[in-house]
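Numbering (numbering that gives the first Met the number 0), first residue to last: 0 to 169.
Even glycine gets a Cβ: it sits at the ideal position worked out from N, Cα and C.
This one's a predicted model, so the numbers in the text were calculated from it and none came from an experiment.
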Amino acid sequence: MTSSTDYTLSDATRARFDREVAKYPDAQRQSAVMACLSIVQQELGYVSRAAEDAIAAYLRMPPIAVYEVTTFYNMYNQRPVGKFKLNVCANLPCQLRDGQKAIDHLCSKLGIEQGGTTADGLFTVQKSECLGACADSPVMLVNDRQMCSFMTNERLDELIDVLRAESTKA
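Shown next, in the form of structure tokens:
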């Protein structure tokens, strides 16, 4: 596993893929595509085009079918991102309750543009599709795992401080 233009499935990765594919009849092995994408992202931090091609070959499916999954779901990073990926909901209900203002505040505080990553590699700020918590907006997801609700500028500042401190402990 080297660059984004060169990707080879390691034996360990292939074994993990095998466990996922075993959950389905052989004729439906492509059903493991999301699991395989997640495995690659866990290992590399993102899913390169070469990794998508390797997954397609492994699952015996057209590469375009893998690309469609990767591009549809924002949980798959198609390029390297910061240690902390901050996805802020930008759908209409959240927009009406300061979702875009939250994005703008984060970008201003971190000195980056939307979709950008800080120079130290710690933070990436992205717009997100609906996170299913409209009543709690503005809402965001940290690293596709931790939901944060009612994100005022003060709460956003606190979150950045906590995450920055956490990164120095590791």
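Residue i - DSSP class collapsed to helix/strand/coil
i      : result
Leu36  : helix
Phe16  : helix
Met140 : Here residue 140 turns out to be Leu, not Met, going by the sequence shown. Note: Leu140 maps to strand in three-state DSSP.
Cys129 : coil
Residue i to residue j span [Cα, whole Å]
i      : j      : result
Phe149 : Ala134 : 9 Å
Arg28  : Asp97  : 42 Å
Ser3   : Ala164 : Only weak support exists for where Ser3 lies, its pLDDT of 47 falling under 50; the coordinates are left without a value.
Val20  : Phe122 : 34 Å
Ile63  : Ala49  : 12 Å
Glu42  : Pro79  : 12 Å
Asn76  : Lys82  : 12 Å
Asp17  : Ala26  : 14 Å
Ser166 : Pro24  : 42 Å
Gly115 : Val141 : 15 Å
Gln40  : Ala34  : 10 Å
Leu85  : Met139 : 7 Å
Lys168 : Asp10  : 32 Å
Pro61  : Glu67  : 10 Å
Same chain only: Cβ atoms within 8 Å of residue i, ignoring 5 sequence neighbours per side
i      : result
Val171 : Outside the shown range of the chain, which is 0 to 169, sits residue 171, and nothing can be said about it.
Ile102 : Val87, Ala89, Gln113, Val124, Lys126
Ile159 : Leu105, Lys108, Leu109, Phe122
Leu8   : Phe16, Ala53, Tyr57
Gly44  : Asn76, Pro79, Val80
Supposed close pair residue i, residue j - CB separation, criterion 8 Å
i      : j      : result
Leu109 : Thr117 : 5 Å
Thr69  : Ile38  : 13 Å between Cβ atoms; not a contact.
Met146 : Leu130 : 7 Å
Cβ-based neighbour list, residue i, same chain, cut-off 7 Å, excluding 5 preceding and 5 following
i      : result
Tyr6   : Met0, Ser47, Ala49, Ala50, Ala53
Pro137 : Val87, Cys88, Cys93, Arg96, Asp97, Gly98, Ala101, Met150
Glu128 : Asn73, Asn90
Asn152 : His104
Asp156 : Lys108
Gly120 : Gly81, Lys82
Chain-order list of residues whose beta-carbon lies under 6 Å from that of residue i (same chain, five-residue window excluded)
i      : result
Cys74  : Sequence inspection shows Met at residue 74; the Cys mentioned does not correspond to that position. Hits under 6 Å: Asp143.
Ile111 : Thr117
Ser30  : Tyr23
Arg154 : none
Could you name each continuous alpha helix (DSSP H) segment of 4 residues or more that falls completely within the segment 44–126, going from the start of the chain to the end?
-> Fully enclosed alpha helix (DSSP H) runs of 4 or longer: 48–58, 62–71, 91–95, 98–109.
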